[in-house]
Amino acid sequence: FFYAILSWLFYCGTNFKADVEGGWAVCPLWGFEIQMGVFALDSFIDLGLLIMPIPFVWRLQLDLKHKIAVTFVFLIGG
């Protein structure tokens with residue numbers, strides 16, 4: 027998610043098209059569809075990486091309180 031936002035912010039660099047109606051500068055290199063595609067793909071991958079270790083944690087021989095704690099640590103990314 028953070029990569030998608032940062033790539034959107036810094037992709038254009040100094041290549042802005044300033045002659046747009048309304049006075050806003052627009053990056054001519056990227057369209058809205060590409061931005062949303064990158065955002066969706068990145069969010070899907072991030073969600074998959076968060077969910078992936080959960081089945082392995084629940085197969086460990088730990089009591090329920092420790093399984094919940096370890097799962098919570100993985101879900102907060104830490």
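Oh and the sequence shown: position 50 is 76 in our numbering, straight run, nothing missing. Note that CB positions come from ideal geometry on N, CA and C, so glycine has one too. All values reported here derive from a predicted model rather than from experimental measurement.
Put simply, the backbone Cα of residue 61 is about 43 Å away from that of residue 87. Residue 84 is a Cβ neighbour of residue 93, given a cutoff of 7 Å.
In the same chain as residue 79, and ignoring 5 residues on each side of it, the C-beta atoms closer than 6 Å to its own belong to 100, in chain order. When secondary structure is reduced to three states using DSSP, residue 86 falls in the coil class, being assigned neither helix nor strand. Rounded to the nearest whole angstrom, the C-alpha separation of residue 75 and residue 65 is 15 Å.
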